[in-house]
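Notes follow once the structure below has been shown.
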Amino acid sequence: MTEQKGGTERMEKIVSLCKRRGFIFQSSEIYGGLNGCWDYGPLGTELKRNVKDFWWRRMVRERDDIVGMDGSILMNRQVWVASGHESTFSDPMVDCRNCKARLRADHLVEKNGKKQCPVCGSTDLTEPRAFNLMFKTYVGATEDESSITYLRPETAQAIFVQFRNILEVSRKKLPFGIAQIGKAFRNEINPRNYTFRSREFEQMELEYFCQPEDGFKLLEYWLQERLKFYDDIGIPKELIHVHRIPPEECAHYSKGTYDIEFQFPFGVQELEGVAYRTDYDLTQHQNASGKPLDYYDEETKRRFVPHVVEPSAGVDRTVLALICAAFAEETVAVDNGKAEVRTVLRFHPRMAPIKCGVFPLLKNNSQLVQKSREIADSLKPYMMVFYDESGAIGRRYRRQDEAGTPFGVTVDFDTLGENGSEKRDTVTLRDRDTMQQERVSIAELKDLLLDRIR
Ligand code: GAP
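Under the working numbering, the first residue of the sequence shown is numbered 78, with each subsequent residue one higher.
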């Protein structure tokens, strides 16, 4: 994980912008926060929603072979026993005897062939021991062994245990998939890099069930589909890396895994894993529950446990990647001939939290204000719109540039017909990236914007 040149400074600017503009706040901030937990503010919530909606559109709505589900976070403890999470979902942990830091053994720094504490540099470290990442809790009024369960550490297991029900109700034939978006929880030893490694986060997971002989082919297919997704949400191809995990490093259930990685300012890190999980999970649950989780193929008259390919993406990591990729500072000329630095988030219009700002040229002119409000109201059922009448128009543009709003509509005296009938009921439409303005009629504004943000 090599940090990008100037990465720390860039990351500090991004974190500060995210707080200042209401993308991301520290959870429970007024009480000193809770390590590894984050709250999304108004802009962050919209951005996150756009990520999830577009994933759902691509994975479920635009396909005939995938259906959705929404499972509970708490499940029967036996799910986690059968899946192997209770016994093996752990990271190796060491303690620094000098500064008492708790560290992931695989995150230690090495100097002169000796492992060191990354906090204080001491080499006085305990032996690694396994630390289970699942949050334990109790269901019901009694806190004893029989009431233990866990907050789910991945959404996938709910899909496996509902496989039979969903197969029956959806009447799908192989290959077909079940998609889910939801919260997952891991008691990470060292939450870090802002929201990148959190203790509470969201996943977007697909389990795509198939014939055993199609597993490897579908692994390649899903890798390409997922790369296309990142391209379609505006993450530049040159910031994406594909890492094939060497067989000896794959999880025990996987016959092949790709990590899709992103060049964050703090280094190249995983956004999503695409894994060929074989029939491991369904077989484990079938054996542990005693309930059949197999499939009867009418064509070949074969009965077997389906294999599965799993693209598993993190919502929060995708949001962070979008913000990091979009963040830019550029020097622009302003009216008085001087130059100033403009901060802009160049989100793809499809992802932008606010699609369009609407501005009356002057706030103390009731006709301009009324017309602007009418336009904003007419767009609101179709997209996120922000009405702003305060301050000079240039400052209002800058505020929306910082929020990543791709379009700005300004209502001026031409709109009111004061400079002839030709421009009556037209507005200027400003493009965030080029800062160019075009004149468009109010009547065609909605369709034009919908076309650009779709
Ligand atoms: N069902 C497979 C699975 O959970 P994973 O690689 O452990 O695989 C999938 O997680 C994705 O979930 C990761 O690629 C990442 O985007 C996200 N993720 C995992 N742990 C996370 C954490 N602590 N904070 C934020 N996102 C996380």
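Ideal Cβ placement from N, Cα and C applies to all residues, glycine included.
- Look at residue 179 here: in three-state DSSP terms it is strand.
- Residue 322 and residue 219 have their alpha carbons spaced roughly 43 Å apart.
- For the pair residue 354 and residue 385, the Cα-to-Cα distance works out to about 6 Å.
- One Cα belongs to residue 466, the other to residue 177, and the distance between them is close to 54 Å.
- Runs of alpha helix (DSSP H) with 4 or more residues, each lying fully within the segment 358 to 420, are found at 392 to 403, listed in chain order.
- Within 8 Å of the C-beta of residue 110 there is not a single heavy atom belonging to the ligand GAP.
- Of 250, 128, 147, the smallest CA-CA separation from residue 374 is found for 250.
- Around residue 230, the same chain offers 162, 166, 210, 211, 261, 262, 263 as residues with beta carbons nearer than 7 Å, after the five sequence neighbours per side are excluded.
- A contact between stretches requires three or more CB pairs, one per stretch, nearer than 8 Å, and the segment 396 to 410 meets this requirement with the segment 301 to 316.
- When secondary structure is reduced to three states using DSSP, residue 297 falls in the helix class.
- It is roughly 21 Å from the alpha-carbon of residue 134 to the alpha-carbon of residue 244.
- When secondary structure is reduced to three states using DSSP, residue 162 falls in the helix class.
- Considering only 415, 482, 152, the residue with the shortest C-alpha distance to residue 425 is 482.
- Assignment of beta-bridge partners to residue 191 by DSSP yields 188.
- Take the alpha-carbon of residue 469 and the one of residue 476: they are about 11 Å apart.
- In the displayed model, residue 506 falls within a strand according to three-state DSSP.
- Contact between the segment 492 to 507 and the segment 453 to 465 is absent: fewer than three C-beta pairs spanning the two stretches fall below 8 Å.
- Runs of the alpha helix (DSSP H) spanning 4 or more residues and lying entirely within the segment 88 to 148 occur at 119 to 133, in chain order.
- A heavy atom of the ligand GAP is found nearer than 8 Å to the CB of residue 276.
- Within the DSSP secondary-structure output, residue 330 pairs in no beta bridge.
- Boundaries for residue 325: no alpha helix (DSSP H) harbours it, and the DSSP string shows neither H nor E there.
- With a cutoff of 8 Å, residue 394 counts as near the ligand GAP, since its C-beta is closer than that to a heavy atom of the ligand.
- Buried is the label assigned to residue 492, since at least 16 other Cβ atoms lie within 10 Å of its Cβ.
- Shortest Cα-Cα distance from residue 142 to any of 203, 248, 370 involves 248.
- Contact check between the segment 116 to 125 and the segment 147 to 154: fewer than three CB pairs, one atom from each, fall below 8 Å, which does not count as touching.
- Remark: the C-beta of residue 167 is outside contact range of the ligand GAP, defined as less than 8 Å to any heavy atom.
- A direct Cα-to-Cα measurement between residue 255 and residue 238 gives close to 12 Å.
- Rounded to the nearest whole angstrom, the C-alpha separation of residue 195 and residue 84 is 18 Å.
- For the pair of segments examined, the segment 90 to 103 was found not to touch the segment 344 to 353: the number of CB pairs separated by less than 8 Å stays below three.
- Sixteen is the threshold: since fewer than 16 other Cβ atoms of the shown chains lie within 10 Å of the Cβ of residue 512, the residue is exposed.
- If the five residues before and after residue 274 are omitted, its C-beta is found closer than 8 Å to the C-beta atoms of 113, 265, 267, 268, all from its own chain and listed in chain order.
- Under the three-state reduction of DSSP output, residue 528 falls in the helix class.
- A contact is defined here as three or more CB-CB pairs under 8 Å, and the segment 414 to 421 fails this definition with respect to the segment 326 to 335.
- Scanning 181, 272, 200, 115 for the CA closest to the CA of residue 343 turns up 272.
- A Cβ-Cβ distance of about 7 Å is found for the pair residue 460 and residue 526, placing them in contact under the 8 Å criterion.
- Annotation for residue 155 indicates a beta carbon at 8 Å or more from all heavy atoms of the ligand GAP.
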